Structures are given as C-alpha cells and as structure tokens.
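Residues in the sequence shown are numbered consecutively from 192, following my numbering. A short worksheet on the structure shown next.
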Amino acid sequence: MTVSEITLPTQPTRSKGYWSSVWLKLLRDPVSIVCIVVLALIILSAIFAPLLTPYDPAVGNVVQRLKPPLTEGYILGTDELGRDMLTRLLYGGRMSLIMGILPVLLALVIGGTLGTVAGFVGGWTNTIIMRATDVVFAFPSILLAVAIAGALGSGLLNALIALTVVLIPPMVRVTESATTQVRSLDFVEAARASGAGGLTIIRVHILGNILAPVVVYATSLLSVAIIMSAGLSFIGLGAKPPTPEWGLMLNTLRSAIYSQPLIAALPGVFIFAVSLSFNLFSDGLRSAMDMS
Numbered sequence: 192m193t194v195s196e197i198t199l200p201t202q203p204t205r206s207k208g209y210w211s212s213v214w215l216k217l218l219r220d221p222v223s224i225v226c227i228v229v230l231a232l233i234i235l236s237a238i239f240a241p242l243l244t245p246y247d248p249a250v251g252n253v254v255q256r257l258k259p260p261l262t263e264g265y266i267l268g269t270d271e272l273g274r275d276m277l278t279r280l281l282y283g284g285r286m287s288l289i290m291g292i293l294p295v296l297l298a299l300v301i302g303g304t305l306g307t308v309a310g311f312v313g314g315w316t317n318t319i320i321m322r323a324t325d326v327v328f329a330f331p332s333i334l335l336a337v338a339i340a341g342a343l344g345s346g347l348l349n350a351l352i353a354l355t356v357v358l359i360p361p362m363v364r365v366t367e368s369a370t371t372q373v374r375s376l377d378f379v380e381a382a383r384a385s386g387a388g389g390l391t392i393i394r395v396h397i398l399g400n401i402l403a404p405v406v407v408y409a410t411s412l413l414s415v416a417i418i419m420s421a422g423l424s425f426i427g428l429g430a431k432p433p434t435p436e437w438g439l440m441l442n443t444l445r446s447a448i449y450s451q452p453l454i455a456a457l458p459g460v461f462i463f464a465v466s467l468s469f470n471l472f473s474d475g476l477r478s479a480m481d482m483s
C-alpha cells in the first residue's frame with residue numbers, strides 16, 4: 192500500500208456511526224470474513240496450545256522421528272527429532288505472531304509520533320525527521336534488518352529491535368503525509384483561530400482523522416513483519432533451538448525436504464496463510480473505509 196492509496200478525511204473526526212458502517216461492510220466482504228476466521232483460529236490455537244495438545248514442544252522421541260501425517264498419535268506427523276509437529280506449530284505460532292505484531296505496534300507508536308510531529312510542526316523539524324528517515328530508506332529493508340540483527344547478535348530481542356527500526360521509517364512517512372494534508376483543512380484552521388493549542392489540535396483534530404488510514408497501513412505491515420521475522424530466524428538471527436518458531440522450524444526441517452516434503456513445508460504453509468490473511472484483511476479494511 193502506498194501513501195497515495197490512503198483516503199484522508201475532508202471533515203472533522205469521524206463518528207461512531209462511521210466505524211459501525213466500516214464493520215458492516217467488512218462483514219459483507221467474503222474475503223475479509225475468511226481472513227478474520229483464519230487469523231482468529233490461528234491466534235486462538237496459539238494462545239490455548241496447552242489445552243489442544245498433550246505433548247511438550249521441546250521434547251521428542253528419536254524413534255518416532257519424521258513420521259508422516261495421520262500417524263497414530265501424531266496428526267501432522269513428527270519433526271527431525273521426533274517432536275509432534277502439531278504441537279510445534281501451535282506453540283510456534285505464539286512466537287511468530289509476537290515477532291510479527293509487536294514490531295509493528297512499536298513502529299506505529301514511535302513512527303506515528305515522529306510523523307505527526309514532523310507533519311504538524313513543519314519547518315526544520317520536518318526536514319530533520321524526514322531526511323533521517325530517507326537515510327534508512329536508502330537500504331533494502333530485509334538487508335538492513337539482517338545487518339542490525341547481525342551486529343547486535345542473534346536472539347529474539349535483537350531481532351525485535353532490528354524489525355522495529357526497519358518498520359519505523361515507512362510509518363513516519365505515511366503519518367507525516369497524512370498529517371500534512373489534514374493540517375491544511377478548514378476545521379484545523381478554525382481550531383487555530385479559536386485559540387486552541389498545538390497539543391489540543393493534534394489530540395482532538397489531527398489524530399482523530401489520521402488514525403484510521405495509518406492503522407490500515409500498519410495492518411498491511413503485519414504480513415511483512417511476520418515474513419521478515421521468520422526470515423531472520425531461518426538464517427539463525429532470531430529464535431534459537433529448541434524454541435518453536437515457524438522460521439526456525441523451516442531451517443531445521445531442511446534436511447527432511449526429500450524424505451518428508453509435506454512435514455518440511457508445514458511451517459511455510461502457516462507463515463503463508465497468516466501473512467496472506469493480514470494482507471487481504473488490510474485491503475478489505477481500506478476498501479470498507481473508502482466506501483463509508
């Protein structure tokens with residue numbers, strides 16, 4: 192999603208009736224409904240994993256290694272160390288979702304704040320913030336994430352920092368563009384003329400009108416963050432064994448690609464399903480907002 196695809200308001204902050212209309216339009220979109228159901232099932236399964244499986248995700252039986260799906264006692268088979276694949280996938284969803292959602296939330300808060308300040312204040316403040324953002328944009332996102340995680344060292348915390356740093360610049364740019372457009376609208380000028388302070392204008396008028404398009408853009412970044420976090424774990428810069436994490440599971444199951452290709456592909460299927468669902472849901476949300 193680009194900045195030009197984000198629809199900005201032409202009137203003061205939208206009412207609750209607007210959000211009800213958006214929600215109703217989402218419920219009429221079959222693609223959005225499927226995405227919501229898929230995401231809800233995966234998220235709930237990850238949260239309640241201990242209630243859904245009796246196995247320990249870190250304990251296996253070498254005798255039972257690489258059992259195919261539908262083996263007695265193992266619905267999705269076992270991995271290279273004889274650990275139940277269903278259990279590993281459910282518990283791995285916890286870490287993968289956290290590593291996909293948390294960097295976006297942090298980028299939304301940090302990048303949203305910087306972008307709002309840059310767009311509203313303008314002048315040298317805008318120049319300094321946006322030129323610093325352009326410096327980060329000079330590097331491909333995935334390479335920059337690998338470089339930061341590699342410099343800090345492998346581990347989930349360092350991978351989280353790397354992903355957050357990479358996601359902040361696009362959030363700054365989108366928020367700054369939206370704020371700049373809203374700042375010039377009549378109701379903001381009227382608020383200034385009435386004597387409202389800068390913080391009041393930002394809190395009441397700016398945030399209320401840029402929050403929706405910025406959140407839609409943040410939703411589209413969730414799929415990117417999940418794929419990037421899985422990629423960092425795949426190359427050894429994220430989760431470490433025996434932590435169940437989808438990207439790390441793809442790495443450890445590479446040796447099984449010829450003997451049990453379905454088992455080796457299962458983590459990738461989950462990554463694809465979640466990232467695609469977030470992406471399509473973001474498109475549905477944007478369309479619902481445009482029609483409301």
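Note that CB positions come from ideal geometry on N, CA and C, so glycine has one too. Just so it is clear, the structure is predicted and the values come from calculations on it, not from any experiment.
Assumed close pair residue i, residue j - CB separation to whole angstroms, cut-off 8 Å
{"i": "residue 257", "j": "residue 450", "result": "6 Å"}
{"i": "residue 400", "j": "residue 373", "result": "5 Å"}
{"i": "residue 430", "j": "residue 286", "result": "6 Å"}
{"i": "residue 226", "j": "residue 471", "result": "5 Å"}
{"i": "residue 299", "j": "residue 409", "result": "5 Å"}
{"i": "residue 419", "j": "residue 354", "result": "6 Å"}
{"i": "residue 454", "j": "residue 417", "result": "Rounded, the Cβ-Cβ distance is 21 Å, inconsistent with contact."}
{"i": "residue 317", "j": "residue 309", "result": "4 Å"}
{"i": "residue 412", "j": "residue 295", "result": "5 Å"}
{"i": "residue 148", "j": "residue 288", "result": "Outside the displayed range of the chain (192 to 483) lies residue 148, so it cannot be described from this structure."}
{"i": "residue 393", "j": "residue 307", "result": "6 Å"}
Residue i, buried or exposed, once every other Cβ within 10 Å from all chains shown has been counted against 16
{"i": "residue 195", "result": "In this prediction, residue 195 has a pLDDT of 47, which is less than 50 and means its spatial position is unreliable; what the coordinates show is noted afterwards. When all chains shown are included, residue 195 counts as exposed."}
{"i": "residue 482", "result": "exposed"}
{"i": "residue 200", "result": "Unreliable placement is indicated for residue 200, whose pLDDT of 48 sits below 50; no coordinate value is reported for it."}
{"i": "residue 269", "result": "buried"}
{"i": "residue 331", "result": "exposed"}
{"i": "residue 388", "result": "exposed"}
{"i": "residue 391", "result": "exposed"}
{"i": "residue 477", "result": "buried"}
{"i": "residue 381", "result": "exposed"}
{"i": "residue 473", "result": "buried"}
{"i": "residue 369", "result": "buried"}
{"i": "residue 347", "result": "buried"}
{"i": "residue 259", "result": "exposed"}
{"i": "residue 407", "result": "buried"}
{"i": "residue 385", "result": "exposed"}
{"i": "residue 344", "result": "exposed"}
{"i": "residue 432", "result": "exposed"}
Beta-carbon proximity of residue i to residue j, cut-off 9 Å
{"i": "residue 277", "j": "residue 479", "result": "no"}
{"i": "residue 305", "j": "residue 366", "result": "yes"}
{"i": "residue 337", "j": "residue 428", "result": "yes"}
{"i": "residue 291", "j": "residue 240", "result": "no"}
{"i": "residue 321", "j": "residue 363", "result": "yes"}
{"i": "residue 475", "j": "residue 222", "result": "yes"}
{"i": "residue 371", "j": "residue 302", "result": "no"}
{"i": "residue 220", "j": "residue 248", "result": "no"}
{"i": "residue 415", "j": "residue 457", "result": "no"}
{"i": "residue 446", "j": "residue 263", "result": "no"}
Identity of the residues DSSP links to residue i by a beta bridge
{"i": "residue 449", "result": "Bridge partners of residue 449: none, in fact."}
{"i": "residue 269", "result": "275"}
{"i": "residue 262", "result": "265"}
Opening and closing residue of the alpha helix (DSSP H) in which residue i lies
{"i": "residue 328", "result": "314-328"}
{"i": "residue 359", "result": "347-374"}
{"i": "residue 252", "result": "No alpha helix (DSSP H) holds residue 252; DSSP gives it neither H nor E."}
{"i": "residue 242", "result": "240-243"}
{"i": "residue 418", "result": "398-425"}
{"i": "residue 395", "result": "Unbroken run through residue 395: none, as it is neither H nor E."}
{"i": "residue 179", "result": "What is shown of the chain runs 192 to 483, which leaves residue 179 out entirely."}
{"i": "residue 382", "result": "377-384"}
{"i": "residue 335", "result": "332-343"}
Heavy atom of the ligand ZN within 8 Å of residue i beta-carbon
{"i": "residue 329", "result": "What this structure holds is no ligand at all, so the ligand ZN is not there to describe."}
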